[in-house]
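**Student:** Here this note's numbering is used: the first residue of the sequence shown is 4, the next is one more, and so on. One structure is given below, represented as structure tokens, and several questions about it will come after.
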Amino acid sequence: MEDKEISYREEEEQKFLLPFLEEEEKEDKACELSNVEEHWEESKLEEELAGVGKTGNEDDSEGVGDQSDSSMESLKRCLGNINNIQTRKYMDRICVSAFQRNLKEVGDAAREKQFVVQNTRDKLSTCQLQIKMLAKQLERVDIEIEKEEAAGNVAALSRLRAVHRRLCTELEKEKDLELQISLTLKENMLEMWQMETEQGKYEILHDQLKKSEEELEMQYQERAKVRIWKEKIAALQAEENQRCREKKEEEAQRECEEKQKKMLEDAKRNHKKAVFFLRKSMARIHERNAKEEVKTREHMERRIQAVLSLKTSIASNREKLRTRQVWNKVMAFEAKKQEMKMREAILAEGGNVAKEIFLHKQLLEHEKEKQAYRERQKSRKIEIVSQILREKAAIHKQKRSESCTKAIKGGGELQDSALWRMRTWQYIEKTCKASAGAISQSWCPPPACSSAGERTASVGETSEETLRDVLCESDEDEEERDKVLVEPEFPGLWSQECDLRKISKEEMDPKQLEEKTEEFQTGISPKQIVSGHECKGRTFYSKPSCIHFQDFDVGQIYKKKIVLINASYSVNFCRLVGVSEWLKDFISIHFNPPGKMSSGMSCELVVTFKPMINETLEGEVMFMAQTGSFSVPLKCTAKRCILALDKELIDFGSHVVGETISRTINLTNSGALGTRFKVQTSAGDSSTWRATAKPSLGRMVTQHFSACVPEKKVSNSPVTSVVEKKERICPEGSEERRCSAAQEEPQRVDVSQSDSSTEQLGQDVLNSRSALDTDNAHNLVELSAEETPVELMLGKVTEGEIGPFSSVKLQILFVPTIPGDAQAEFVITFDNPDCKPLFFSAIGVSIDVPVWVSNPNVDLKICMYDRLYQDCIVIQSRAKATLCLKFEVCKELSKHMELLPKTGYIQAQSSFSLQLKFLPRRSLPKDAGSYFNEETGILEVPVMILIVDKAKKVNFTVHAIVTTSDLEISPAQINFGYCTIYEAVRANVKLTNKSILPQEFGFVGLPEFVEIQPNDGLGILLPLESLTLDIIFKANKAKEYSFELTCKSEINRQFKLSCKAVGVHPPLELSHSLVQFAATALNGVSTATLYVMNSHVSVNPFTHPVPRIGKGEVAPVGPTSFEFRVPEACPVTITPSVGTVLPGKKSLIRVSFRPTLSDQQIREEAVRRLCRAAAAGAEMQKRKKDEKREGKKSSISMHRQQSARQLLRDGGSKHPTSLHSSERPKYEELKPDSDAYMAAQAFLMRNFRGRFEKYIIPCFVASGCVDEKKGSENLSYSPYNTLYLELRCPAVAPSVVVTSDNGKNTVNFGDVAVGHRMTKPITVQNISPERVELGFSVLNPSGPFLLITPVKMLEPGENKTLVISFCPNENEWFFDVLDIRTAKTSLTLNIAGRGVMPTIVCSVGEVLDVGYVIAREKGTSTFKIQNTSPLTLRYSMRLDSLSSTRDKDQQKIPSFITSPLQRTEFVGTQNYNGLSVFSIFPTEGEIVAGKSQDFTVTFSPDHESLYYSDRLRVVLFGKEPAHVIHLKGAARDHPMFVEGGVPLDVPIESLAVTSPTSPQEALTGEQKPVKSILLVLEYFEGESSPVPAAAELRVGSIHTQFASKKSLEFSLETPPLLQQKGFTIEATKGTVECGQVKRIGVSWVPPADCRADDPLLVTALLTLRSDIKETYQILFMAKVVSACAPGEEPS
């Protein structure tokens, strides 16, 4: 079946893949055709290459034809091979895909079957194990059933039989399951064997598949060879394309050079224009400054006059005040006189003086009230009118805003989301806020009110004296305030109110600093302070707080789900560390780490417990959080017996002889294991003891008991007492059951009390009894065991079985026979050896009075003053006749306690109910006397019942704890001071419950500008608890506030708290008073923007609220200045920090947060690392010395070697410490660029755990503009108008750091030449444990910086390199920022570089003439180039004669054919030997900024020529030439030359080679003139003082390497015609020494018969004689030129 299924699948897959395979076949055929065409073209290229140079030959053509035929045949064979390969390839693909698929399916099926078989085997083993366990349990249950049948325990027998039936059914089910699993296992085994046989069949196919893959690999190699051949041909074509491209680039370069020349000319022209306009603008600026100076002088004069007028007005006001004071004194004196006259008149009339004066004063007060009422009515009318105007303005504004709502709908949604996010944050802060705090005032912005409470909560509780001082300071008079305002405002404000980062001396304790340093090194953070909140206690809480597996059975598996809640104030994470070592075998935990958890979020984990031993285990589950480690306790308790008695003392009270009274005591087993118990009397007590005495003895014992026990209880708890036998502490919602239990069993002791406290109290009572018995031993009569009757005895149940989670009632009987006290002690023993015996005692009093009270101790619990409490007292009678009773309360408490009725008749053997009313008044402590304890509040009142006609009295005691219901508010008054409408001020108030009862409280009727936290001023105060409340005041307008806050208790008592404040409306406001930065990495930057707005445009207070301080003057309308004061060492920058805002405008403020490591922290870490390195080095040196010593002393015995090593170890251990102490470097000496500093910085950055800081930045506001020169010093700032900006700055460790350049985040390219490109690599490393995906910010597109090689992904710990290039285009500084963004943080790289225009100065100009040199000799010349730019220049010297384009230039038209103006050829005659005529050294190098370089030009001609020339270009950075020098030189075969005049031949040497004349022929034969020289003399006509025309010839002797035998002689033949025509020659003959030059001057003055239009031409011969004779023909041309056009040349 499986084979058929596999074949069917193969057919379906082949049908499905058939269209795709056909497409691939078509593509392969197309590739084959293209390959054939390419092969044909390539063969053609080969034929053309092979046939180059063979033309016109038939044999060759036949060879070519043969080659073409052979190539066609090879192509056919290749095509056939390709077709075969393709068909084979197509078929192989189908086979290979089918084989691979079949093999994979068979292998997967085999593995799946193996897995199923293994699971089935595991299930079978677990089932068999379960069957064995059930069988053992059945055997155990059978044994227990036999035991219980023998014991006759029916309840246990029925339970065990039910368990037996359940186990039998489970055992049958398990056996059935075992059979099913075994059958399934056999089937799976059979299928698995079948699959293995199938897998064996496919092994042959697998081998065939390998062979086919090898054949395909061979085909791929052949195809690769063909591709390589194609690539070679493509490379040849690419080279040709490259050549064409280079030609185009050269043409483009020429065009660029021409454009640059034009640009330089335009720049010069524009510079001239700019200078002209600049002069004009400077003149205008000077005029404007002069006008401003005049204005400032006038302004100062006006201010001086204003000050003088102010002084005069102050003086006049003082005089007015004095006159008014005198007037008031006179009026008071006259009033006294009138009053005296009135008194005398009334006395004269005989009237009542006091009455008349009182009526007169009332009349005056009534008139004043009328006047005040009228004024209030007027002010109320004004307020109503202003309110109406405001409402109209609000309606108008609302209508305008509705029209704009649609346009900003999208923005509104974003604002709503931001508002909800802010409210959520506030709720989290409020819920997590610490309750403890100091009573102090502080300011906070509106969204951070709750967080402001956390800042001052850490200061600690302040005493009442400090609070009084603060209140007294707020009530100082105005004179003292003026004195305080004389002090500087800004430092005082910051240091006193706003310095939240101030650290006390206690916090700067060096021991604490060391402890904190150790904690930081170990990675434990004891405190977490976020947004000013210090997280006290654990950062994670678990529900439940303890993982408790109770009453487990060995072999069972128990699971519990635990919820971990992040209770910190910030994002945290939780990682499982493990469990205690001894719990690893039993406890397993399933926990998926949730990652980062926000505050208040929770995660779950499942704890699985598999017990192996029946023992109690305790341990803990350990976790690691960002703030440190924490653990959750874990406890596993086995089944055990937990036995307890609900009471240890049974007090029967007073009973009449002959009665039988029964009381029960509950024995409770709260454990899961039962046991057998037995009750008997104590071994030290036979049964009971008797004490017969006088009747007063019972009262004394009772009084002593009632007096001792409450004191013992009061010491433990101020709320309850031992004698409170009514109250039972139960869960919530069980108050009714508690009351009923108190009525039914008034003498029952509280069950929830601990066993230890109960045993201690019972023992104290017994001790008091024994002490009392000892004191009264003479009144006791001891009876023998036979004569003493047993009054306290056990009931029916004395032994039995107590099961798990059950209880047994034990009955105790009291049968009084003899008047007096009775006591008995009982012990309960258990069969379980782990259960300790329990003891309890019973006491009772036997009396012979016929009337008794059923409850002799009436407990009224806790009572409050001025509250009525009632109780019913039942009186029993055992008499057989009616008795008359009178009820009396002691005189001291007659005002507070009352019994109704005061007289009553009780019928025979019946009961009588007495009503007790208790109304404690405030005078109770004074009235009660010794019955009341003021310290504990315990009241014990004895009440007497008198029986008429009988002397005996019946007493009972009323117990109560009286407490007050007062709530104390400290302080009683709060002065919030000055508060702006944009912030909130918080004051702490301590509310104390003076009562020992919990009281509910609530502040009701709060005004809208007051908020009370926590819980909106509502809550419950526990007994004597103090709660710190935050009274948050937020002024809604500028005025003086005076109001009272009312706190009501649950009994409707009111407590007042008076408050005062002054509302301030500043002239400016901030758009955001809270800035929450995102988590910023170290050295990263986070930026936020806000606005400073000036909305004060009118002083009309009726249209809108105006800026003012309280009821002071309105701030003037105009420009208002502000200044932000950022504290020192704060990583926050605000730009601009100072500015002026015009009315109705706003100013943009940018706040940047850049977290960095502190310099001191880095230096300390660097010193620590240096010390460790020094100690390690010293230890290594010591070890090396030890090894050398041991090598030398190898002959010494082993004992001596060991002792020597020990000594060396001791010395080595001391050496590093001494080195460490003596050579410890000082961290002040470390430099920031040192290796130790950089290493410490990198270490701290990698181990940075994050921090959260909060800063409060004050913004001072003043009216007026800020002066640019003086700044804000000329403005007066009011401290009450100060705005505050809160910044929350979380810093985290960076995910990516820079490792290159010692970890610097600044990339400084330095100085780079304009137009040149420089690159720098930056290596970044991922220091986080996660894979990081990098993103990059966009650099300035028009800037010079470019990111060449970005990186997309970084693995943990991986390093990668970024490359940034810098290519400046201007001569200035460039700056840019590159942000490397990750998912969590970002790394900011600051990039800087300066573009510098490279400039040089050359010592020679445009032409460098080497002069004359003998052919085949060398001549040198030097010049200097100085670098005048601020960067190092890389130069290269290039000659045009060695240029790569020299050959192309020579193909052009010769330059001598064109006109001289059009000639651009600078390369002249060159050597015949192919070597360059001119050479320069050095050719390449660098010139440091400000330095110079000497260059040597060598001229080495190999033949004679006067036109050697070349062009030298100084190229900087291999791009543009900075300077061009035209090199010239001349070479002669003989050491003589003549120069001067106008050249008559072309400057290009002929290509024809002429043989030079030999020296013998030159000496013997006559020589024709070698060269003609033209001297042009121009005489300027028309000048006032005519100057003769002058010219000169220079005759020189060339310096040679070989000493010349004779000097050079020259002679100039001067025909008489020269003198006639006006020519004068200075020297006609002379001698020139070697290396010297002689000048021959020629002057001409036109003779009288000279014509101006006819120039003169005279010829002369110049002969030179040295080792050869040379003759030159000198042509003297003279002409007269007009002086008006001296620049014109002759035509």
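By construction, the Cβ of each residue, glycine as well, lies at the ideal position given by its N, Cα and C atoms. These numbers were taken from a predicted model, which means no experiment stands behind them.
Can you have a look at residue 232 and say buried or exposed, based on whether 16 or more other CB atoms are within 10 angstroms of its CB?
**Tutor:** Counted from its first residue, the sequence shown places residue 232 at position 229. Label assigned to residue 232: exposed.
**Student:** Between which residues of its own chain and residue 1475 is the CB-CB distance below 8 Å, once the five residues before and five after are set aside?
**Tutor:** On the sequence shown, position 1472 is the one that residue 1475 refers to. Closer than 8 Å at Cβ, skipping near neighbours: 1505, 1506.
**Student:** Straight-line CA distance for residue 865 to residue 942?
**Tutor:** Within the sequence shown, residue 865 is the residue found at index 862, counting from 1. Within the sequence shown, residue 942 is the residue found at index 939, counting from 1. Answer to the nearest angstrom: the Cα atoms are 10 Å apart.
**Student:** Tell me where the beta strand (DSSP E) around residue 1246 begins and ends.
**Tutor:** Within the sequence shown, numbered from 1, the residue matching residue 1246 stands at position 1243. Unbroken run through residue 1246 is the alpha helix (DSSP H), 1238-1249; no beta strand (DSSP E).
**Student:** Relative to the C-alpha of residue 1644, which candidate in 1671, 1598, 1655, 1637 has its C-alpha closest?
**Tutor:** Walking along the sequence shown from the start, residue 1644 turns up at place 1641. Looking at the Cα atoms, 1598 is the closest of the given residues.
**Student:** Counting only the same chain and skipping the five closest in sequence on each side, list residues whose C-beta sits under 6 Å from that of residue 656.
**Tutor:** Locating residue 656 in the sequence shown gives position 653, where the first residue counts as 1. Result list for residue 656: 859, in chain order.
**Student:** I believe residue 801 touches residue 681 by the beta-carbon criterion, under 8 Å. Please report the beta-carbon distance rounded to the nearest angstrom.
**Tutor:** Looking up residue 801 in the sequence shown gives position 798. Looking up residue 681 in the sequence shown gives position 678. About 7 Å; that satisfies the 8 Å criterion.
**Student:** On the three-pair Cβ rule with 8 Å, is the region 634-651 touching the region 544-553?
**Tutor:** yes
**Student:** What do you reckon, are the CB atoms on residue 109 and residue 194 nearer than 8 Å?
**Tutor:** On the sequence shown, position 106 is the one that residue 109 refers to. On the sequence shown, position 191 is the one that residue 194 refers to. Here residue 109 is not near residue 194, since their CB atoms are 8 Å or more apart.
**Student:** Find the nearest neighbour of residue 1328 within the set 170, 631, 267, 1303, judged by alpha-carbon distance.
**Tutor:** Translated into positions along the sequence shown, residue 1328 becomes position 1325. If we check each option's Cα against that of residue 1328, 1303 comes out closest.
**Student:** So, is residue 911 buried or exposed, given that buried needs 16 or more other C-beta atoms within 10 angstroms?
**Tutor:** Position 908 of the sequence shown, counting from 1, holds the residue named residue 911. Looking at its Cβ environment, which holds fewer than 16 other Cβ atoms inside 10 Å, residue 911 is exposed.
**Student:** So, for residue 951: in the same chain, excluding its five sequence neighbours on each side, which residues have a beta-carbon less than 6 Å away from its beta-carbon?
**Tutor:** The count along the sequence shown starts at 1 and reaches residue 951 at position 948. Spatial neighbours of residue 951 in its own chain (CB-CB distance under 6 Å, excluding positions within 5 residues in sequence) are listed in chain order as 887.
**Student:** Is it right to say residue 1054 is buried, meaning 16 or more other beta carbons lie within 10 angstroms of its own, or is it exposed?
**Tutor:** Working through the sequence shown from its first residue, we reach residue 1054 at position 1051. It counts as exposed.
**Student:** Between residue 1617 and residue 1663, is the Cβ-Cβ spacing less than 8 Å?
**Tutor:** By one-based count along the sequence shown, residue 1617 stands at place 1614. By one-based count along the sequence shown, residue 1663 stands at place 1660. Contact: yes.
**Student:** Just to confirm the assignment, what range does the beta strand (DSSP E) spanning residue 1497 have?
**Tutor:** Locating residue 1497 in the sequence shown gives position 1494, counting from the first residue. 1495-1502 is the extent of the beta strand (DSSP E) around residue 1497.
**Student:** Would you mind giving the Cβ-Cβ distance between residue 1148 and residue 1086, rounded to the nearest angstrom? I have them listed as a contact below 8 Å.
**Tutor:** Indexing the sequence shown from 1 puts residue 1148 at position 1145. Indexing the sequence shown from 1 puts residue 1086 at position 1083. The pair is not a contact, with the Cβ atoms about 36 Å apart (cut-off 8 Å).
**Student:** DSSP on residue 1291, reduced to helix/strand/coil?
**Tutor:** Walking along the sequence shown from the start, residue 1291 turns up at place 1288. Residue 1291: strand per DSSP, three-state reduction.
**Student:** Provide the residue span of the alpha helix (DSSP H) that contains residue 1324, from first to last.
**Tutor:** Counting from one through the sequence shown, the residue named residue 1324 turns up at place 1321. Looking at the DSSP string, residue 1324 is not in any alpha helix (DSSP H); the run it does join, the beta strand (DSSP E), is 1321-1329.
**Student:** Measuring alpha carbon to alpha carbon, tell me which residue in 1078, 401, 1637 is nearest residue 1257.
**Tutor:** On the sequence shown, residue 1257 is found 1254 positions in, with the first residue counted as 1. That would be 1078, whose Cα lies nearest to the Cα of residue 1257.
**Student:** When you compare only the Cα positions, how much space is there between residue 1734 and residue 1582?
**Tutor:** Lying before the first or after the last residue shown, residue 1734 is absent from the chain, which here runs from 4 to 1694.
**Student:** Per DSSP, what kind of secondary structure is residue 937 in: helix, strand or coil?
**Tutor:** Along the sequence shown, read from residue 1 onward, the residue named residue 937 stands at position 934. In the structure shown, residue 937 sits in coil (DSSP, three-state: anything other than H, G, I, E or B).
**Student:** Suppose you measure from the CA of residue 630 to the CA of residue 968; what does that come to, to the nearest Å?
**Tutor:** The sequence position of residue 630 within the sequence shown is 627, counting from 1. The sequence position of residue 968 within the sequence shown is 965, counting from 1. Approximately 43 Å between the Cα atoms of the pair.
**Student:** By a C-beta neighbour count over all protein chains shown, 10 Å radius and 16 as the cutoff for buried, is residue 1493 buried or exposed?
**Tutor:** As a working note, residue 1493 is residue 1490 in the sequence shown. Residue environment: residue 1493 is assigned as exposed (fewer than 16 neighbouring CB atoms within 10 Å of its CB, all protein chains considered).
**Student:** Starting from residue 927 and walking both ways along the alpha helix (DSSP H), at which residues does that stretch end?
**Tutor:** The residue you call residue 927 lines up with position 924 of the sequence shown. Segment 927-931, the alpha helix (DSSP H) holding residue 927.
**Student:** Considering residue 1623, what are the terminal residues of the alpha helix (DSSP H) in which it resides?
**Tutor:** As a first step, residue 1623 is located in the sequence shown; it is residue number 1620 there, counting from the start. That run of the alpha helix (DSSP H) goes 1619-1623.
**Student:** Using the Cα positions of residue 615 and residue 621, report the straight-line distance between them to the nearest angstrom.
**Tutor:** Position 612 of the sequence shown, counted from the first residue, corresponds to residue 615. Position 618 of the sequence shown, counted from the first residue, corresponds to residue 621. Rounded to whole angstroms, residue 615 to residue 621 spans 15 Å at the Cα level.
**Student:** Can you tell me whether residue 353 is buried or exposed? The criterion is at least 16 other CB atoms within 10 Å of its CB, across all chains shown.
**Tutor:** The residue given as residue 353 occupies position 350 in the sequence shown. It counts as exposed.
**Student:** Please check the pair residue 1024 and residue 1004, which I expect to be a contact at CB under 8 Å, by giving their CB distance rounded to whole angstroms.
**Tutor:** Locating residue 1024 in the sequence shown gives position 1021, where the first residue counts as 1. Locating residue 1004 in the sequence shown gives position 1001, where the first residue counts as 1. Between residue 1004 and residue 1024 the Cβ distance is about 6 Å, and since that is below 8 Å, they are a contact.
**Student:** Taking 7 Å as the limit between beta carbons, can you name the residues of its chain near residue 1008, skipping five residues before and five after?
**Tutor:** Mapped onto the sequence shown, residue 1008 falls at position 1005. Taken in chain order, the residues that qualify are 1049.
**Student:** Anyone know if the C-beta pair for residue 863 and residue 874 falls short of 8 Å?
**Tutor:** If you number the sequence shown from 1, residue 863 lands on position 860. If you number the sequence shown from 1, residue 874 lands on position 871. Yes, these two residues count as a Cβ contact at 8 Å.
**Student:** Under the assumption that residue 914 contacts residue 948 (Cβ atoms under 8 Å), give the Cβ distance between them as a whole number of angstroms.
**Tutor:** One-based indexing of the sequence shown puts residue 914 at position 911. One-based indexing of the sequence shown puts residue 948 at position 945. Between residue 914 and residue 948 a beta carbon distance of about 13 Å is seen, past the 8 Å cut, so the two are scored as non-contacting.
**Student:** With a cut-off of 8 Å on the beta carbons, I'd call residue 1695 and residue 1515 a contact; round off their distance for me.
**Tutor:** Residue 1695 cannot be examined here, being either before or after the span of the chain that is shown, 4 to 1694.
**Student:** Return yes when the Cβ of residue 627 is within less than 8 Å of the Cβ of residue 634, no when it is not.
**Tutor:** Translated into the one-based positions of the sequence shown, residue 634 becomes position 631. Translated into the one-based positions of the sequence shown, residue 627 becomes position 624. For residue 634 and residue 627, no; Cβs fall outside 8 Å.
**Student:** Alpha carbon to alpha carbon, how far is residue 1123 from residue 1268?
**Tutor:** Indexing the sequence shown from 1 puts residue 1123 at position 1120. Indexing the sequence shown from 1 puts residue 1268 at position 1265. Rounded to whole angstroms, residue 1123 to residue 1268 spans 6 Å at the Cα level.
**Student:** Let's test the definition: count the other Cβ atoms within 10 Å of the Cβ of residue 1033 and tell me whether it reaches 16, buried, or not, exposed.
**Tutor:** Within the sequence shown, residue 1033 is the residue found at index 1030, counting from 1. Answer is buried; the Cβ neighbour count reaches 16.
**Student:** In chain order, what residues of the same chain lie with their CB nearer than 6 Å to the CB of residue 2, ignoring the 5 residues before and after it?
**Tutor:** Residue coverage of the chain in this structure runs from 4 to 1694, which leaves residue 2 outside it and unanswerable.
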